[in-house]
Amino acid sequence: MAIQAKSVEEMYTQMQAKLHDVVPDVELRIKAEIAYEINRLKVEKNAVILGHNYMEPALFASIPDIVGDSLELSRRAAQVEQDVIVFCGVEFMAETAKILNPGKTVLVPAERAGCSLAASITAADVRKLKAQFPGVPVVTYVNTYADVKAETDICCTSGNAVKVESLDSDTIIFLPDEYLAKNVAAETGKRIITPSKVNGNIDFDPDALAAGFDFVGWNGRCEVHEQFTVDDIVNVRSQFPDVEILAHPECSPEVVAASDYA
702 MAIQAKSVEE MYTQMQAKLH DVVPDVELRI KAEIAYEINR LKVEKNAVIL
752 GHNYMEPALF ASIPDIVGDS LELSRRAAQV EQDVIVFCGV EFMAETAKIL
802 NPGKTVLVPA ERAGCSLAAS ITAADVRKLK AQFPGVPVVT YVNTYADVKA
852 ETDICCTSGN AVKVESLDSD TIIFLPDEYL AKNVAAETGK RIITPSKVNG
902 NIDFDPDALA AGFDFVGWNG RCEVHEQFTV DDIVNVRSQF PDVEILAHPE
952 CSPEVVAASD YA
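Once you know that position 47 of the sequence shown is 748 in my numbering, the rest is easy, because the numbers rise by one and skip nothing.
So, in structure tokens, the structure goes:
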């Protein structure tokens, strides 16, 4: 939650008490000035700040009025009373907040707040998939841009993705995270096919199509979560034998299988 301070020095003191073991003191002194000014302007402009969990620690601990993951922030965004929403997250999150608050001004502080996963698929790609698999419902991960969401039947998060199996359909198009789709397929006992995209064409392995499938996936990945490997897990376990490892479902199926929780 935002720190209430009457001066820059008071802001620094409160930030230092929270973060002295995490953030260097020289950085805290600089960020205290920034945080104080942000909070002053927030009141002046009748704004509310939503802070995603991926923010850097100093500002995360001092300026947001509401913090959480993309789903929680989107839900809370629909309940705010202020005229302006400042969304400290990536662009697709701010788009979702705007969809839920069409009458409010929604701002993104960083012009280049992108997401490799959201950028992996376009609305045109979804239309092509729907043409290839007519009548098949499309489930889209919330980590997508608004034009992609507009082409889909239902949006999900990593927390409720497994529930897509409850849809009344033998086949589902599940977009755009390849690893999330494969992990959900593995957990629910589904068969999945993933296309290749070359020069704008979406191609599927004919043998995979002939073998049968339940999920139609996509080849999008999070550039952060795909960095983790089974070797990383083996290395950590060798140093800390009693460790418990948590993996996000955007990690590869191999990493998820080697972890304790996902």
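Note that the Cβ used here is the ideal one computed from N, Cα and C, for glycine as well. Just so it is clear, the structure is predicted and the values come from calculations on it, not from any experiment.
How far does the beta strand (DSSP E) with residue i in it extend, from its first residue to its last?
i      : result
Asn740 : Counting along the chain, Asn740 falls outside any beta strand (DSSP E), though it belongs to the alpha helix (DSSP H) covering Asp726 to Glu745.
Lys864 : Careful: Lys864 lies outside any beta strand (DSSP E) and carries neither H nor E.
Lys891 : No beta strand (DSSP E) holds Lys891; DSSP gives it neither H nor E.
Asp904 : Asn902 to Asp904
Val749 : Ala748 to His753
Ser897 : Ser897 to Val899
If distances are taken between C-alpha atoms only, which option among the options comes closest to residue i?
i      : options                           : result
Glu951 : Asn844, Val807 and Pro810         : Asn844
Gly804 : Ala779, Glu879 and Gln717         : Ala779
Ala948 : Phe929, Glu852 and His721         : Phe929
Ala832 : Asp904, Val724, Ile767 and Pro758 : Asp904
Asp770 : Ile873, Ala912, Leu751 and Gln783 : Leu751
Leu910 : Ala762, Val749, Phe834 and Ala798 : Phe834
Glu955 : Arg938, Asp932 and Glu945         : Asp932
Glu927 : Lys719, Glu879 and Glu852         : Glu879
Ser859 : Ile946, Ala798, Phe914 and Tyr842 : Tyr842
Asp869 : Asp784, Arg892 and Val840         : Val840
Asn760 : Glu812, Tyr737 and Asn747         : Sequence inspection shows Leu at residue 760; the Asn mentioned does not correspond to that position. Of the candidates Glu812, Tyr737 and Asn747, the one whose C-alpha sits nearest the C-alpha of Leu760 is Tyr737.
Thr853 : Val863, Lys864, Asn861 and Ile874 : Ile874
Glu924 : Ser817, Ser821, Val937 and Val849 : Ser817
Ser897 : Ser821, Leu801 and Val809         : Ser821
Tyr846 : Lys799, Asp871 and Arg741         : Lys799
Arg741 : Ser708, Thr872 and Pro838         : Ser708
Ala872 : Ile894, Val723, Ala718 and Arg777 : The displayed chain sequence assigns Thr, not Ala, to residue 872. Here the closest residue by C-alpha is Ile894.
Asn802 : Gln715, Pro725 and Arg777         : Arg777
Ile735 : Thr797, Tyr713 and Lys864         : Tyr713
Could you check how far apart the C-beta atoms of residue i and residue j are, in whole angstroms? I think they sit under 8 Å.
i      : j      : result
Ala819 : Gly790 : Contact doesn't hold; Cβ gap of about 12 Å is too wide.
Ala706 : Pro765 : Not really, about 15 Å apart at Cβ, beyond 8 Å.
Phe916 : Ala958 : Rounded, the Cβ-Cβ distance is 18 Å, inconsistent with contact.
Leu876 : Val827 : 7 Å
Val785 : Asn747 : 6 Å
Asp848 : Ala824 : 4 Å
Val749 : Gln715 : In fact, because the Cβ distance is near 20 Å, the residues do not count as touching under 8 Å.
Val809 : Glu792 : 6 Å
Cys857 : Lys850 : Actually they are not in contact, since the Cβ atoms of Cys857 and Lys850 sit about 11 Å apart, beyond 8 Å.
Within 10 angstroms of the Cβ of residue i, are there 16 or more other Cβ atoms? Answer buried if so, exposed if not.
i      : result
Met794 : buried
Thr806 : exposed
Tyr962 : exposed
Gly921 : buried
Glu745 : exposed
Glu710 : exposed
His721 : exposed
Lys743 : buried
Val787 : buried
Gly901 : exposed
Glu812 : exposed
Ser693 : Residue 693 lies beyond the range of the chain shown here (702 to 963); nothing can be said about it.
Asn936 : exposed
Ser953 : buried
Ile731 : exposed
Ala718 : exposed
Gly918 : buried
So the alpha helix (DSSP H) residue i belongs to, where does it begin and stop?
i      : result
Val935 : Val931 to Gln940
Glu955 : Pro954 to Ala959
Leu910 : Pro907 to Ala912
Tyr962 : Per DSSP, Tyr962 belongs to no alpha helix (DSSP H) and is neither H nor E.
Val709 : Val709 to Leu720
Beta carbon of residue i: closer than 8 Å to some heavy atom of the ligand NAP?
i      : result
Phe941 : Among the components of this structure there are no ligands whatsoever, and the ligand NAP is therefore not found.
4-residue-minimum alpha helix (DSSP H) runs that sit fully inside the region 761-802, ordered along the chain: 771-778 and 792-801
message: As an exercise, report each continuous alpha helix (DSSP H) stretch of at least 4 residues that is fully enclosed by the region 806-876, in chain order.
response: Along the region 806-876, the alpha helix (DSSP H) occurs as fully enclosed runs of 4 or more residues at 824-833 and 847-850, listed in sequence order.
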